[in-house]
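Quick note on numbering: the sequence shown equals residues 0 to 1191 in numbering that gives the first Met the number 0.
A virtual CB, placed ideally from N, CA and C, is assigned to each residue, including glycine.
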Amino acid sequence: MFLKSIDIQGFKSFADKTTLKFGKGITAIVGPNGSGKSNISDAVRWVLGEQSTKNLRGRRLEDVVFGGTSQRSSVGYAEVTLTIDNTDRILNIDSDTVSVTRRYYRSGESEYKINNSAVRLKDVLELFMDTGLGRDGYSIIGQGKIDSIISTKPTERRLIFEEASGVSKYRYRKTEAEQKLFQAEENLIRLKDIISELEGRIEPLREQSEKAKKFLEYSEEKKRLEIGLWLISLEEIKEKLRDQDYKISLVQEQLKDVDNSLEEIEKENEEGNQKIVEIAMNIDTLQRTSTETEEKVLHFESEIAILENSIVHNNESILKITGEIDSLGDFEQRAQTEIEGKRREIGLKERKAAEIEKSIADVGLQLENLNLNSENISKQIAELSKQLNLITENISNWQVKTATAVSSLNEITSRSTVIDSSLKEKAELLDRYTKEKHDLDKHLNELEEEITGLENTQKGYELRLKSRQEKVEAIKETLDKLKLEIEEKKRRIRILTDLERNMEGFSFSVKAVLSEAEKGILTGIHGPVSRLISVSDDYSVAIEIALGAALQNIVVNNENDAKRAIEYLKRDNKGRATFLPISTMKANVMNDSTIRNMPGFVGVAHSLVSYDSRYDNIIKYLLGRTIVCEDLNSGIAIAKRIENKYKVVTLDGQVINPGGSLTGGSVSKSTGLLTRSTEIKRLNAKIDELNQQLSKANTSYNEAIAEKSKAEADLANTQGLLKTAQEDKIRVLGEIKRINEQLDIAKASYDQLLEEQSGIQNRIKELNSIIENAYVEIQRLDALKSEKQAEIEGFSDGGRELAQKRETLQEQLTGFKLKQIEIQKDIEALHKAIEDIENSVNDRTNRREDLLSQIADYKVKNEEYENRIAQLRLEIQSLREQSGSIKAEISELVKLRTDTEQKLQELRRREREILTQRENISGEMVRLQARKENMLNEFDNIVNQLYDEHELTRSEAESLGIVIEDKNKAKRTLNELKSKIKGLGNVNVGAIEEYKEVYERYTFLSEQIADVEKSRTELNNLINQLTAQMKEQFTKKFEEINKQFGVIFTDLFGGGTAELRLTEPEDVLESGIDIIAQPPGKKLSSLELLSGGEKALIALCIYFAVMKINPPPFCILDEVETALDDVNVDRVAEYMRKMCDKTQLICITHRRGTMESADMLYGVTMQEKGVSKLLELNIAELEQTLLYNSRR
């Protein structure tokens, strides 16, 4: 420890703030007389607590404040601060640097500070006691002290030796104890005088007030019991109200939280629903677009299939038509050949007809000649010939008809053959189309069955997915319940932890002591009993009832720790508490083994708890004489066995007290002081169990999610297959539609051919009928001709030759005519046949042109179809790309909708839970408020009754401090007291008050006398103890100082002898101290014979000896070497240099030798009159600078 700096402001001549910094070694302060250098030592003396203005070289304390000069006004206060290095912790402050400040105002106010904290003067004095730095110490040595140590009486020079020997603090404490002892003696005398006066008054007053005292006692007890019972009721109601308010506030907070949660959920629901609506609209729009796109694709694909089938069919039709055209070409060639043949045949027929015409003309001319010769015969024959000619002509006509019919029949028969061939081809085509349609119908049925199966599979997968979703939701609900239960348990743990941390349930005094112990202010505190034991749940109620208020008893190391805690409670008015010192508590365990085998016996209470072995005596003291049993019946039996000597507690908290009284009833189910930590452990264990269940539930949830995903994948796969099958169905329906169209066309063509064949058959029948009728008519006409010829032959015989000739000519003519007719018919038939052939050729040409036109149409259609197919495929590709993007978008929207729906489902579930919770909370709120209202009414009734009967407010009643332990017993006692008061009749209560006052005063004074006598004894013991310590320590240190004094004297005087002697060795503490000194070469009988320099040197030897034994951290020497010559100044300076290793020296001096030995020089000047200024010079730095300059 050493002095680091001095800050002076407004002290004496130091008007401005001045700082002096000190290092280790010697610091010299020099300056002319009157410059104010000694004011520095005065400042140090003043800040260390000096109260004597004489020692400060003034008349009044205000003289220390700068009073101003002619040029400068006075200041309002003086302030000095010492800054001390305390790294070695010599001063009892836990800080490396200690600053001590004293400030004095002109108004007379004074302040002391240690490290800027306000303290008392006493604190400053005690801080520096026995360090040599006190106001009575030897850390400041001025000229006055040098003179006084030699010139003063032997008894007056003790102070410096007491300070050096370290007995100042003991003397300080002894002086305080003696003052207290004197006051105690004075008080004792006065108290005994008053007691003797009161003793004469007590007995008469007691006799006069005996009856009234009973009345007052009964009345007071009645009032006490009534007030106590009412206060208990009020406190119970208040506690219930507090609990009720707490519950209501919790319910209100819960209701508020629930309402906030509902608002948030409602808001989220609205947002979610709006979002789902928007998503659904978007999905619907996209699905419609997708459906339309897919329908377009399917329509286009069907159209493409139809077009491709049409192209195939058209190509087949082109092949067929080409074949038919080829067959038509052969027919035209045959027809042309046939026409040419028939035309040649017509030419031959015409030439033959011309010849026949010529022959007919010749035969007619001959007949005409014959007819002219035989007109008569000829008339008749002519008539018959005419008829015969008609018949012959008819025969010819019928023969022509027959030939024409036969020719037509042949032609028609040929056409019928062609039609039969076409019908066969059409039938084969119909069969092929029918087979294709059958195959397509079969494929369609298969597809419909597949679609039906896939739809059923889809429904099955949908049901499975729904089941998986329900399973997921059920597991999710279980997860949520587990999480909520875990959160509830954690909330309960937080509440219990807060209660434990805030020490709820503990008394104010216990909290205060434990709080100070945590801060380290009170030591030796182990904690309350409730925190030092642990007990299972089975025994917690019994142990808690057994301990009762002792749960809050505080365990400490020893009695001193308890005393310090009690002193703290008393000093700060923190209440009362019970302390159990480990060092003094003795075990008190029952020793009755007869009850251990009794029914219902559980054990002695101390054996049912766990605790550290250090607390064995305390726990056995508290619980060693308490028996725990199963129930009240077994407890009563055990209590009877032990003759009600010990307390018996049942597991449910009923008590049989020593003596036989019973205490019992219901026990609060709320967590007590003892069971909080157990409850916290139990809840933590339950949370661990719930976390395991939560982990399993999470695993099940993940498995259910996987199953759900698999079901979704199976469903999506089935939906894909179903969609493919539906697309195949659409394609097959398109094929069926195309086949039906082809089939209809083929059927129409087949029916047309059948119709034509039917017409041909009818024509054949008609021609056959014509032929048959012609044959019949020709036979009839031949017969009629024969008849007519016979008639002609029957005419005259004379004209037979003529007739025969005529007949011959006629036959020739008929033959020629018949031939002519036949030829003409043949020509007509040939023309008709040619016309028919030409018509047929024309028909075939038209047919060929039609067929070529059909081929061209088919090719144009095929080209159109192919162009259409290419266009449709491009559109299909575009539509599929569009459909793909739409499906992707729909998938994203469906996922988003699913997530949103899941969130909404969770929100709805939470909303249902919260609504249920809100209903429950609202019902609880109504119930709690109703109960609170009833409690308030009951509370007000009791308060009114309290004022009506005793004119006391609740606060006034509480201030009475009435305590009732057994409420039921108090009620019974109250009824008994009312009966007793009623039986006393009229009573004069004046004597009671007077007796009470006198008796209380007598009792109080007696206790005071006892306390004073006890204090006197303790003070005497303390004084004796301090005296013994002071004697021992002073004697030891005095001998050491005396020895050092002799050594230092020899060193400084260069020889001689010196010693210190006690004037009264038998009374060490009061003895004066004589100084015996014999400088070399002198033999003196008195110190007064010495010179001033010798006296000063002897005084320095004494101070140096003291500092050698008890070195002060620093010492200020104020012109102590003034009376010395230069040689002795050098000796003293040299010796001071030896002391620098343990003591920091600050010398105020005029002497050169002292200055030369200094490490630091401060110069004090008065550049401004009346104001001291400071100059600093570091000698070591100056020497180095001079040495450096000399070397240069």
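Where does residue i land, buried or exposed, given buried means 16+ other C-beta within 10 angstroms?
i: Pro1078; result: buried
i: Asp440; result: exposed
i: Val137; result: In the sequence under discussion, the amino acid at residue 137 is Tyr, which differs from the Val named in the question. Buried, by the Cβ-count rule.
i: Asn1041; result: buried
i: Val540; result: buried
i: Lys341; result: buried
i: Ser1206; result: Because the chain in this structure spans residues 0 to 1191, residue 1206 falls outside the shown range and cannot be described.
i: Ser407; result: buried
i: His525; result: buried
i: Lys144; result: buried
i: Leu1215; result: Any answer about residue 1215 is impossible in this case: the structure gives the chain only from 0 up to 1191.
i: Met280; result: exposed
i: Ser508; result: buried
Helix, strand or coil: which one does DSSP assign to residue i?
i: Asn85; result: coil
i: Lys3; result: strand
i: Glu1193; result: The structure shown does not extend to residue 1193, since the chain is modelled only from 0 to 1191, so the question has no answer here.
i: Val647; result: strand
i: Lys20; result: strand
i: Arg491; result: helix
i: Ser138; result: coil
i: Val63; result: helix
i: Thr26; result: strand
i: Ala1057; result: strand
i: Leu90; result: coil
i: Gly1071; result: coil
i: Asp15; result: coil
i: Glu776; result: helix
i: Gln50; result: coil
i: Val296; result: helix
May I have the straight-line CA-CA distance separating residue i from residue j, to the nearest angstrom?
i: Lys886; j: Leu285; result: 8 Å
i: Ala684; j: Thr899; result: 37 Å
i: Ala969; j: Thr577; result: 26 Å
i: Ser676; j: Val555; result: 21 Å
i: Ile744; j: Lys425; result: 10 Å
i: Leu1025; j: Arg1015; result: 15 Å
i: Asn967; j: Ile686; result: 42 Å
i: Asn974; j: Glu220; result: 11 Å
i: Arg465; j: Glu447; result: The amino acid occupying residue 465 in the given sequence is Lys; Arg does not appear at that position. Cα-Cα distance, rounded: 26 Å.
i: Ile310; j: Gln741; result: 12 Å
i: Asn861; j: Arg730; result: 20 Å
i: Ile247; j: Met924; result: 6 Å
i: Asn115; j: Leu682; result: 51 Å
i: Asn444; j: Leu429; result: 22 Å
i: Glu848; j: Glu339; result: 24 Å
- Query: At a cut of 8 Å, does the stretch 1137-1152 reach the stretch 28-41 through at least three beta carbon pairs?
  - Reply: yes
- Message: So, does the stretch 598-612 touch the stretch 530-538, judging by three or more C-beta pairs under 8 Å?
- Response: yes
- Query: Going along the chain, which unbroken runs of the alpha helix (DSSP H) with 4 or more residues stay wholly within the stretch 545-629?
  - Reply: 558-570, 615-622
- Message: For a minimum of 4 consecutive residues, which ranges assigned as the alpha helix (DSSP H) are wholly contained in the stretch 1141-1178?
- Response: 1151-1156
- Query: Does the stretch 86-100 come close enough to the stretch 1054-1069 to have 3 or more Cβ pairs within less than 8 Å?
  - Reply: no
- Task: Kindly provide the ranges of any alpha helix (DSSP H) runs that are 4 or more residues long and lie completely inside the stretch 652-709, ordered along the chain.
- Result: none
- Message: For the pair the stretch 1101-1116 and the stretch 1027-1045, tell me if three or more CB-CB distances fall below 8 Å.
- Response: yes
- the stretch 70-85 contacting the stretch 5-21, beta-carbon criterion three pairs below 8 Å: yes
- Can you find at least 3 beta carbon pairs, one from the stretch 628-641 and one from the stretch 689-699, that sit closer than 8 Å? no
- Task: State whether the stretch 248-265 contacts the stretch 907-916, with contact taken as three or more CB pairs (one from each stretch) at a distance under 8 Å.
- Result: yes
- Any chance you could list the beta strand (DSSP E) runs of at least 3 consecutive residues sitting entirely within the stretch 836-920, in chain order? For the stretch 836-920, not a single whole beta strand (DSSP E) run of length 3 or above is found.
- Message: Three or more C-beta pairs under 8 Å: does that hold for the stretch 45-54 against the stretch 1120-1129?
- Response: Not touching, per the Cβ criterion.
- Taking contact to mean at least 3 C-beta pairs separated by less than 8 Å, is the stretch 717-724 in contact with the stretch 510-521? Short answer: they don't touch.
- Given 8 Å, three or more beta-carbon pairs between the stretch 466-482 and the stretch 703-721: yes
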